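Student: Mind having a look at this structure? Questions to follow.
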Amino acid sequence: MAKITYIEHDGTEHVVEVKTGLTVMEGAVKNNIPGIDADCGGACACATCHVYVDEAWRDKTGTSSAMEESMLDFAENVEPNSRLSCQIKVSDALDGLVVRMPESQH
Amino acid sequence: MSEPARVAILGAGHAGGTAAALLRQYGFAGPIALVGEEPIAPYQRPPLSKAWLKGEADAESLALKPVEFYAEHDIDFRPSTLALSLNRGARTVALSDGSELPYDFLILATGARPIALPIPGADLAGVMFLRTAADAETLKATVGPGKRLAVVGGGYIGLEVAASGRALGAEVVVLEREARLLARVACDTLSDFFKAYHEQHGVRFELSATAVAFEGEDDHVTGVRLADGRLVASDAVVVGVGAHPNDEIARDCGLDTARGVVVDLDARTSDPAIFAIGDVAHRPMPIYDRMFRMESVPNALEGAKQAASAIAGRPRPPGEVPWQWSDQYDLKLQIAGYAFDVDEILVRGDPKSGHFAVFHLQGDRVQAVEAINAAAEFMMGKQLIGARRPVSKARLADPSISMKEVAA
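Chains as they are written, first to last, in this note's numbering: chain F, 1 to 106; chain W, 1001 to 1408.
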């Protein structure tokens, strides 16, 4: 279980508990948090679940696969701390995670 | 003061479910009824042939929205309910529960149903389709180590089921009517590649093989009889030979249909109060100067955006390049566009490496791209298709030049 803070581009914060085993993307979709589209439902096929991981958490969320890196390369407004949230698995270690959503996913 | 407009959505699949959610997201405040024939709330179908079969997903994880979402957003969700007929004059829908549902705007999202082979034995237990969560539940209970699974149809469904079946230890044979796999949706290079990959994983193929009957004992299937007389012994059969649009309700009330409900760029049918989206819609594709029907999640999402935008008074969303994906073993196939009006096929990368892309060109413009574990080729290819931008074929064929540089 992890408490995750999702911050919309306009600054609105959503703090929710997300079950271990779900992805950070699923945590947003299931709690109806706007800003993450996830068109392909988590198949790493669309790059519309893009988030910026807070600096303090970058290591804990792990490293991206080659596939994620390739897809991320073509998302909008990519930064060094960008990740595809469907590729970050939630665990107790991510309790307190903060992610920010980009202005748009398309 | 007039009543707010009422919306009725027929079909609670990916398109219908998304349309309902988008209407609320776009600020539409009138009543919304979402009528679905299945007993569960809208969910994703793609994982049914993959994660679900392998026990990595269930109904809860596949739901598009948590079940509380609908009541919380004032969406009257009616599962296990069929729409029987439309009265366009009175603007009502006759439902299977005996009620009449009034509407000001109607969205047809009735999807498509699996094509059933009209051959003897089709009713035997163990002969299955894979469309719904219920189908997936049945299939999952059937497939396991040592079980002999016959898959009729070498398209996406067939190949994904084959891959999942192998992952579960079943013996798998794919029976394909045409001379190659993915005959309707992919090129020869891709067909050959997938066949070889599946064979390496132990799948057996019978090409140019037509199933003429299912044989059975005690009402359970025991094998598939082919046109050449051979019998393929099996404990279970999955039939994946395509789907037929559920457009009868539209045809019956005089809407324009063409193996699907004909719509315009706003997903509007020949009746201005009625929209059609998703697998059931026959829609214009300006990039190819054609109209056709697509069966994919991106198509369902785009139709939902178009209809919801039109109803909520938002500008028409920008046109998207159609795309789709299929996951088999550790292969991610991503396809953008359709190979219409193609005069050349160009392969980028070496198929033997396990990541490559096939570009379909008309002159020096990309019409479609099929990418295997090649996300850059897929994403950049999609942009090139949409922008109708010419590309240097020599640079495109050279993997040492990045796709970003090729497209610059």
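C-beta: ideal position from N, C-alpha, C; glycine also. Predicted model, so just to flag it, every value in this text is computed and none were measured.
If contact is defined by three or more beta carbon pairs under 8 Å, each pair taking one atom from either stretch, is the segment 82-95 of chain F in contact with the segment 1003-1012 of chain W?
Tutor: Touching, no.
Student: Closest Cβ-Cβ distance between K19 (chain F) and chain W: below 8 Å?
Tutor: Locating residue 19 (chain F) in the first sequence gives position 19, where the first residue counts as 1. No, K19 (chain F) lies away from the interface with chain W (no Cβ there is under 8 Å from its Cβ).
Student: Below 8 Å on the Cβ atoms is my guess for I7 (chain F) versus G27 (chain F); work out the distance and round it to an integer in Å.
Tutor: Taking the first residue of the first sequence as 1, we reach residue 7 (chain F) at position 7. Taking the first residue of the first sequence as 1, we reach residue 27 (chain F) at position 27. That belief does not hold up - the Cβ atoms of I7 (chain F) and G27 (chain F) are roughly 13 Å apart, past 8 Å.
Student: Using a Cβ-Cβ cut-off of less than 8 Å, give me the residues of the segment 56-77 of chain F that come near chain W, in sequence order.
Tutor: Here the close residues are M67, S70, M71, D73 and F74.
Student: Could you tell me the distance, in whole angstroms, from the CA atom of H1198 (chain W) to the CA atom of L1190 (chain W)?
Tutor: Walking along the second sequence from the start, residue 1198 (chain W) turns up at place 198. Walking along the second sequence from the start, residue 1190 (chain W) turns up at place 190. Those two C-alpha atoms are separated by around 12 Å.
Student: If you follow the beta strand (DSSP E) that F1129 (chain W) is in, where does it begin and where does it stop?
Tutor: Residue numbering aside, residue 1129 (chain W) sits at position 129 when the second sequence is read from its first letter. From DSSP, F1129 (chain W) is part of no beta strand (DSSP E); its letter is neither H nor E.
Student: Determine the direct distance from the alpha carbon of L1181 (chain W) to that of F1194 (chain W), and round the result to whole angstroms.
Tutor: Translated into positions along the second sequence, residue 1194 (chain W) becomes position 194. Translated into positions along the second sequence, residue 1181 (chain W) becomes position 181. Cα-Cα distance, rounded: 8 Å.
Student: Taking buried to mean at least 16 other C-beta atoms within 10 Å of its own C-beta, is R1184 (chain W) buried or exposed?
Tutor: One-based indexing of the second sequence puts residue 1184 (chain W) at position 184. The residue is exposed, with fewer than 16 neighbouring Cβ atoms inside 10 Å.
Student: Under 8 Å by Cβ, that's how I've got R1316 (chain W) and Q1306 (chain W) pegged, so tell me the actual separation to the nearest angstrom.
Tutor: Position 316 of the second sequence holds residue 1316 (chain W). Position 306 of the second sequence holds residue 1306 (chain W). Their Cβ separation, rounded to whole angstroms, is 7 Å, which keeps R1316 (chain W) and Q1306 (chain W) in contact under 8 Å.
Student: So, does the CB of S1164 (chain W) fall closer than 8 Å to a CB anywhere in chain F?
Tutor: For this step, residue 1164 (chain W) is matched to residue 164 along the second sequence. Answer no: the Cβ-Cβ gap between S1164 (chain W) and chain F never drops below 8 Å.
Student: Could you check if K1332 (chain W) is buried or exposed, using at least 16 other CB atoms within 10 Å of its CB as the buried criterion?
Tutor: As a position in the second sequence, residue 1332 (chain W) is number 332, starting the count at 1. K1332 (chain W) is buried by the Cβ-count criterion.
Student: Among residues of its own chain, excluding the 5 on either side of E1176 (chain W), which ones have a beta-carbon nearer than 8 Å to its beta-carbon?
Tutor: Translated into the one-based positions of the second sequence, residue 1176 (chain W) becomes position 176. Closer than 8 Å at the Cβ level, and outside the excluded window around E1176 (chain W), lie G1153, G1154, G1158, A1183, F1205, E1206, L1207, S1208 and A1209.
Student: How long is the line joining the alpha carbons of A1407 (chain W) and V1391 (chain W), rounded to whole angstroms?
Tutor: Here residue 1407 (chain W) corresponds to residue number 407 of the second sequence, with the count starting at 1. Here residue 1391 (chain W) corresponds to residue number 391 of the second sequence, with the count starting at 1. Going from the Cα of A1407 (chain W) to the Cα of V1391 (chain W) covers about 7 Å.
Student: Can you name the residues of chain F whose CB is closer than 7 Å to the CB of W1325 (chain W)?
Tutor: The count along the second sequence starts at 1 and reaches residue 1325 (chain W) at position 325. Result: C40, A43 and A45.
Student: Between the Cα of D1330 (chain W) and those of W:N1087, W:A1019 and W:K1050, spot the shortest distance and give me the residue it belongs to.
Tutor: On the second sequence, position 330 is the one that residue 1330 (chain W) refers to. The shortest Cα separation from D1330 (chain W) among W:N1087, W:A1019 and W:K1050 belongs to W:K1050.
Student: In or out: T48 (chain F) buried (at least 16 other Cβ within 10 Å) or exposed?
Tutor: Locating residue 48 (chain F) in the first sequence gives position 48, where the first residue counts as 1. T48 (chain F) should be labelled buried.
Student: If I measure Cβ to Cβ from T61 (chain F) and keep anything under 6 Å in the same chain, skipping five residues before and after, which residues do I get?
Tutor: Counting from 1 along the first sequence, the entry for residue 61 (chain F) is found at position 61. Excluding residues within five positions, the ones whose Cβ falls inside 6 Å are V53 and I88.
Student: Cβ closer than 7 Å: which chain F residues qualify as neighbours of P1298 (chain W)?
Tutor: For the purposes of this step, residue 1298 (chain W) is taken as the residue at position 298 of the second sequence. Neighbours of P1298 (chain W) on chain F, chain order: D39.
Student: Measure how close the beta-carbons of G1111 (chain W) and D1279 (chain W) come, nearest whole angstrom, since I'm counting them as under 8 Å.
Tutor: By one-based count along the second sequence, residue 1111 (chain W) stands at place 111. By one-based count along the second sequence, residue 1279 (chain W) stands at place 279. Right, the Cβ-Cβ distance comes to about 5 Å (below 8 Å), so this counts as a contact.
Student: DSSP on Q1328 (chain W), reduced to helix/strand/coil?
Tutor: Working through the second sequence from its first residue, we reach residue 1328 (chain W) at position 328. Strand, per DSSP.
Student: Whole beta strand (DSSP E) runs in the segment 1335-1363 of chain W with 3 or more residues, listed along the chain?
Tutor: With a minimum length of 3 residues, the continuous beta strand (DSSP E) runs that stay inside the segment 1335-1363 of chain W are 1344-1348 and 1356-1362.
Student: Kindly indicate the opening and closing residues of the beta strand (DSSP E) around Y1288 (chain W).
Tutor: Looking up residue 1288 (chain W) in the second sequence gives position 288. Neither: Y1288 (chain W) is in no beta strand (DSSP E) and is coded neither H nor E.
Student: Among the candidates F:M25, F:N31 and F:T20, whose CA atom is the shortest distance from the CA of M14 (chain F)?
Tutor: By one-based count along the first sequence, residue 14 (chain F) stands at place 14. Correcting the residue identity first, residue 14 (chain F) is His in this sequence and not Met. Here the closest residue by C-alpha is F:N31.
Student: Contact between the segment 1060-1068 of chain W and the segment 75-87 of chain F is defined here as three or more beta-carbon pairs at a separation below 8 Å; is this criterion met?
Tutor: The answer is no - the segment 75-87 of chain F does not touch the segment 1060-1068 of chain W, with fewer than three Cβ pairs under 8 Å.
Student: According to DSSP, what are the bridge partners of A1276 (chain W)?
Tutor: Within the second sequence, residue 1276 (chain W) is the residue found at index 276, counting from 1. Paired residue(s): W:L1108.
Student: Roughly how many angstroms separate the alpha carbons of A1374 (chain W) and H1355 (chain W), rounded to a whole number?
Tutor: Position 374 of the second sequence, counted from the start, is the residue given in the question as residue 1374 (chain W). Position 355 of the second sequence, counted from the start, is the residue given in the question as residue 1355 (chain W). If you take the alpha carbons of A1374 (chain W) and H1355 (chain W), they lie about 6 Å apart.
Student: Which residue spans inside the segment 1154-1239 of chain W form an unbroken beta strand (DSSP E) run of at least 3?
Tutor: You should have 1171-1175, 1204-1206, 1211-1217, 1220-1226, 1231-1233 and 1236-1239.
Student: Given R1078 (chain W), which residues of its chain have a CB within under 6 Å of its CB, disregarding the five upstream and five downstream residues?
Tutor: As a first step, residue 1078 (chain W) must be located in the second sequence, where it is residue number 78. The answer, listed in chain order, is V1035.
Student: From L1139 (chain W) to A1186 (chain W), what distance separates their C-alpha atoms?
Tutor: Locating residue 1139 (chain W) in the second sequence gives position 139, counting from the first residue. Locating residue 1186 (chain W) in the second sequence gives position 186, counting from the first residue. Whole-angstrom Cα-Cα distance: 26 Å.
Student: According to DSSP, is T1138 (chain W) helix, strand or coil?
Tutor: To locate residue 1138 (chain W), count along the second sequence from 1; it is residue 138. It is helical.
Student: Output, in chain order, the set of chain W residues within a Cβ distance shorter than 7 Å of K30 (chain F).
Tutor: Stepping through the first sequence from its first residue, residue 30 (chain F) is reached at position 30. Result: P1066.
Student: Would you mind sorting N1087 (chain W) into buried or exposed? The rule is 16 or more other CB atoms within 10 Å of its CB.
Tutor: Position 87 of the second sequence holds residue 1087 (chain W). Per the 10 Å Cβ criterion, exposed.
Student: Mapping the DSSP letters down to three states, classify L1082 (chain W) as helix, strand or coil.
Tutor: As a first step, residue 1082 (chain W) must be located in the second sequence, where it is residue number 82. Looking at L1082 (chain W) - three-state DSSP - the assignment turns out to be coil, as it is neither helix nor strand.
Student: Quick one, which of W:K1382, W:A1258 and W:D1327 has its alpha-carbon nearest G42 (chain F)'s?
Tutor: Along the first sequence, one-based indexing puts residue 42 (chain F) at 42. Minimum Cα distance to G42 (chain F) is reached at W:D1327.
Student: Give me the Cβ distance between V1161 (chain W) and G1260 (chain W), rounded to the nearest whole Å; I'm assuming they're in contact under 8 Å.
Tutor: Here the question's residue 1161 (chain W) lines up with position 161 in the second sequence. Here the question's residue 1260 (chain W) lines up with position 260 in the second sequence. Rounded, the Cβ-Cβ distance is 25 Å, inconsistent with contact.
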